[in-house]
Ligand SMILES: Nc1ncnc2c1ncn2[C@@H]1O[C@H](COP(=O)(O)OP(=O)(O)OP(=O)(O)O)[C@@H](O)[C@H]1O
Ligand SMILES: Nc1ncnc2c1ncn2[C@@H]1O[C@H](COP(=O)(O)OP(=O)(O)OP(=O)(O)O)[C@@H](O)[C@H]1O
Ligand SMILES: [Mg+2]
Ligand SMILES: [Mg+2]
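Protein chains in written order, with the working numbering: chain A, 1 to 287; chain B, 1001 to 1287; chain C, 2001 to 2257; chain D, 3001 to 3257; chain E, 4001 to 4317.
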């Protein structure tokens, strides 16, 4: 073995590998070098807050220093003032209420429909064979493109808004549900069959709870989609609503108000995410 | 034991369970009843085609029978004629070309950025701690609400279209990537460390290929999102493009042309899905 | 209950896994089935339990069914097959739920199972909180709750470490001493077969055919005694001889992708 | 290579898993470590291999390193830890890639490993196409490719069925006969320890402390012979006695949620 | 219809945008002229002109008032909507929409509306009123819409953003927006559409089915609408010899109603009050020209007879 070998052979590979076939070496006692660690996720609670604070500071700074026109990028202080104004005159609550109702109804309808179809596709091969291509064909259809047709089909009232959000939520829910059912361990189903459990009981006691984690993960995505679509939905003759508010602020070129509305949407996203996390922790404590 | 017990005790549970404590019974030889099966996915290649055919037939029938006004729901034949017209005058190709280029560039940019950030969040705890809340805050912001700002920031040319699609693709890619990295088996990483593989090699040889299935699954979602966002993107001063075409048809209330455009988007979705399936089968044949 | 398997053949699509199996289990007998990986042992058990529909041949049962039996043929699984979202007692209750039992009867059956398997203190625990051995004890308690006439065990101990395996074998022996349930016991482990079975059925490599049925003369109760060791070593030698070549070849066979 | 463990203690957060371990492995010795589930065996091995940083105490090595050794302390894993997306030969090549070896040397090492483990015909196969036994053979071939001075084996056979286990034990014995590599062999299985080890270290239930170090007097080569059985049965009895109570208690301990 | 039925107020919904051009409708509603006719009229506000006729076509609303677009004529060609009266129009002396040039384009020689040929103009959408305004400007100055680059941006905010960012040379913007832009120094007003090319900007419309089945209700609606129109005209459309606005009778009261309905400050509203015909008469020639223009652009079915989109019996033209 060449003598260019390092003196430390412990857990450390030799820097220059051997080329020849000399005899082995002997090394003096030395500690084993640590080479593990990393690739795990540790929690840093403060980091998120720090990041938000830094982001706001930079944004405010850019505006204060006149690097960006207040029309193009109003400073967070202006956005904050606009938001405070919305709180003060009660319009925030009015708009929020209208949007929340639409999101809630649209999301629930889309989710129920999606879970129903998803369950059918998860359980029946024929439904699956029919459904998969239909879903991949209909999923990528942009809801905003269909707004004129939605008005014709569902009118200009709440139904068309529910439909916009509902259809947006429906397809991802279908996909999440049938994938979740695919991931229910087959051995549990075979076990239930071997104990003679009836089909309905298997569905209720095994397939449904087993698919729950996947379905809840889908909720995370569909909640974001519902928030995104509330703006599209409120393009159709809405008087109140965060989406309508944002659109109107845009029409009046009030960028600070616009961003205040966007901020509200973002906060709603964070709030829904938190609720889902709590729900997951409760419902999926068995994992 | 009550004598209401059925004569067949084999694999069948007694219909009326015992209430008392009489002695056990004896049954004559009988075959074991089959109680398995179901809850598996079989392929039915024909079903999808049949479903599409049935859908078209019902749709055409509804129109022919005058159950729906052609304004509300133009029959597939009218949509087909509109599509044929697009092919004949070359506008289909013109629009398709423009949109495909935007989708391709926007998707690639968003995906590269998202994977970069996603990898950082997958590997470094601090990046994860900072990134997760930022992503959940920014993800639900509707792109259409920000169109005026996008114009100010990126102009009305192609950059703003790339940005609209790119941002839409970015966040889901980030989430898919870091979740995929989380799912790389830790035992493989420990193995590599125990053989003294350097950090970069672990990333390249283990983390990247191990995360590939999750990242590819993310592509399926982001491809749909890119298709959906091409309409939003082409709201901004686009002369050609399927999205611009659909918007114009909607504005002009030409519902047959509108649906022809939507059909093209759908077919694009199916095509991209097929390509991704092929890619998965090639790249993930080891599963 | 007796099990009568005759002319049994099974194919998965074009892969024949069982070929002409003829087998009879006597009342109260424990038959161990050994054979190389992939030879169709689990399939055989699945057919006997009505979970897999055989391609050809028949499986029939006859004989005594114990008092209060809800599911005459009952499985115990290698991977325990516990619902991770149910507590220990609810996992046992699962198999009683769809039967019209009085609440008292249901409670009584669950409690008996829990106590017999030393699970009483863990009845509110979730499966994830239990060790492997405890989980299999839940599986056994669940099987006992339906008072089976015949047990089908598919490598019930092979997911456990060697020490827990030893402990659970004692549990099984105690169980059979009390219940005299007929059992079909699939295993890879010669030591398990030698400790528990009346007869050992050696299957050939896929397609599984019966190579030999070996009877262990020594009664189960005396197999731990020194005097029994000679006979057991001899049977072991014979079984290992039957197995080794097949096992080696099966191990080197590339699985169907 | 010798291994010198002294005053070793390890805690995960507030859970102490190893407490004051003192241990010396002689050159070429095979030391089996047995102990109840969760007593810290894998942790001990991880510390010895530099994968886990100990809370207190030290692990040192000294002595002979074989010719061409790239990774003196090398693991063989229970779950094989093969990259599923690489073929058999590329899995072996992985651990050679970051070393400056000539192409010929690299090919030679891979090929030697493949041939010795009877994997040559499967070199292009993916792990999913192999049986468990074949997979562990790939794991062994990979470990041999770096010409280790010491092997750390964490229950290398416990994911395999009993038959394959028997076959692989023969492979290990052949390996040690040729290489005389020092080895720390963690197992639950008394039979494995009795077949392979020079000494057996029995750990107590968590926090793991050394309860006893038992030397097996009979040389490894003669342990299959009838004359050795008496001594082995006696050692077995002693080890099982040390283990049983601890195993029972550990098995009934609810794992930390 | 029995006496009891006649007594119950008939229900009707009218769709409009929250703009001062819908002023007469707001006045008729606020001052109870509909109620006086025995109509219970609901007001439904929209954010885009395109949606109003669609809502009439879908039967969600009975009447609509808004700008005339190609989409409107397409719905008319399918027999879904019919114009029954005028709304506002672009008229000399009434600054509703301005041609604006960016400073850079102005410096490069874009000084009058006639210079727009060959320039990039931001509009909302293809088929919108802005598109037609470019069209009639071209008709006047001898260029076709092919000779300008129209940049559709879907909405006024995007148009303003593109204008400010210098992405386009010119924009046709509503008066409030254009004055704001000029005040900010972002560009220059080149002229007003009303001065350059007067045209019939908007109309009151309903569905043919409504006219056929509920003609008395339509007539009642028209009477109330005309009353409000006349009042609006008297208050806002008077000009002195110099062309300066003169406050007519009821000016402040009506201004307050419109400001309330559009949620804007009265001063802002006062600057952009459009001209309306007091008898609700249409510029029939211009409507015919609109249809022909859209037909020549290929955006409206060539088979559509321009006269068929109007039912002038209610305004007696
Ligand atoms: N549902 C199935 N579809 C197709 N092939 C199957 C199916 N189940 C099992 N097989 C194949 O049939 C063969 C026998 O399977 P089986 O599980 O009965 O073997 P086994 O003897 O229990 O093996 P092991 O000892 O590994 O448990 C195997 O090659 C397996 O791959
Ligand atoms: N990374 C970790 N973080 C926290 N606790 C850990 C970690 N790894 C192991 N533990 C805990 O430390 C204890 C000892 O673990 P270890 O894996 O060393 O035991 P073991 O003796 O190998 O057990 P087994 O026989 O089941 O393999 C267990 O209770 C385990 O839950
Ligand atoms: Mg099996
Ligand atoms: Mg371990």
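All C-beta atoms in this analysis are idealised placements derived from N, C-alpha and C, irrespective of residue type, glycine included.
Residue 1165/B is outside the set of residues whose beta carbon lies under 7 Å from a beta carbon in chain A. Near chain A, meaning a CB-to-CB distance below 8 Å, the residues of the region 4017-4045 of chain E are 4044 and 4045. Taking 9 Å as the upper bound on Cβ-Cβ separation, chain D lies near no residue of the region 38-69 of chain A. DSSP places residue 3117/D outside both helix and strand once states are collapsed to three, so it counts as coil. Relative to the non-hydrogen atoms of ligand 4, the Cβ of residue 3042/D comes within a distance shorter than 6 Å of at least one. Scanning 3125/D, 3073/D and 3090/D for the CA closest to the CA of residue 3183/D turns up 3073/D. Per the Cβ contact rule, the region 2053-2072 of chain C is in contact with the region 2143-2152 of chain C (3 or more Cβ pairs under 8 Å). Within the region 4199-4282 of chain E, the runs of alpha helix (DSSP H) that reach at least 4 residues and sit entirely inside it are, in chain order, 4208-4213, 4215-4236, 4251-4262 and 4266-4271. Contact with chain C is absent for residue 3249/D, since none of that chain's Cβ atoms lies less than 7 Å from the residue's Cβ. DSSP places residue 2016/C within a strand segment (E or B) once states are collapsed to three. When C-beta atoms of the region 4030-4050 of chain E are compared with those of the region 3239-3247 of chain D, fewer than three pairs fall below 8 Å, so the two segments do not count as touching.
Residue pairing for residue 3059/D: DSSP places it in a beta bridge opposite 3005/D. Annotation for residue 233/A: the continuous alpha helix (DSSP H) segment containing it runs 208-233. Straight across, the Cα-Cα distance linking residue 3189/D with residue 2217/C is about 27 Å. Listed in chain order, the non-local C-beta contacts of residue 2039/C below 6 Å within the same chain comprise 2203, 2205, 2206 and 2208, local neighbours out to five positions each way being set aside.
At a threshold of 6 Å, residue 2012/C counts as near ligand 1, since its beta carbon sits closer than that to one of the ligand's heavy atoms. If you look at residue 2085/C, you'll find it isn't in any beta strand (DSSP E); DSSP assigns it neither H nor E. With respect to the C-alpha of residue 2222/C, the residue from 2212/C, 2177/C, 2211/C and 2238/C having the closest C-alpha is 2177/C. A Cβ-Cβ separation of about 43 Å leaves residue 3126/D out of contact with residue 1093/B under the 8 Å criterion. Going by C-alpha positions, residue 157/A is about 16 Å away from residue 4063/E. Judged by DSSP secondary structure, residue 4120/E falls within the beta strand (DSSP E) whose first and last residues are 4120-4123. Judged by DSSP secondary structure, residue 4051/E falls outside any beta strand (DSSP E) and instead within the alpha helix (DSSP H) spanning 4051-4057.
DSSP, read as helix, strand or coil, puts residue 2022/C in strand.
With respect to the 7 Å criterion, residue 2142/C and residue 2088/C are not classified as neighbours on the basis of their beta carbons. For residue 2098/C, the closest Cβ of chain A is nearer than 7 Å.
Closer than 8 Å at the C-beta level to chain B, one finds no residue of the region 2183-2202 of chain C. Contact annotation: in the region 2139-2167 of chain C, residues whose CB is within less than 7 Å of a CB in chain A are 2146. Judged by beta-carbon spacing, residue 221/A lies within the 7 Å limit of residue 172/A, meaning their Cβ atoms are closer than that value. The Cβ of residue 4047/E sits closer than 7 Å to at least one Cβ of chain A. At least one beta carbon of chain B lies nearer than 7 Å to the beta carbon of residue 4078/E. Per DSSP, residue 3136/D is one residue of the alpha helix (DSSP H) stretching across 3132-3145. In the DSSP assignment, residue 4191/E falls within the unbroken beta strand (DSSP E) covering 4187-4192. Legend: CB atoms of the region 2045-2073 of chain C lying less than 7 Å from CB atoms of chain A belong to residues 2049, 2051 and 2071. Between ligand 1 and the CB of residue 1231/B, the shortest heavy atom gap is not smaller than 6 Å.
If you draw a straight line from the Cα of residue 4145/E to the Cα of residue 4100/E, it is about 17 Å long. Three or more beta-carbon pairs separated by less than 8 Å link the region 69-88 of chain A to the region 254-266 of chain A, which places the two stretches in contact.
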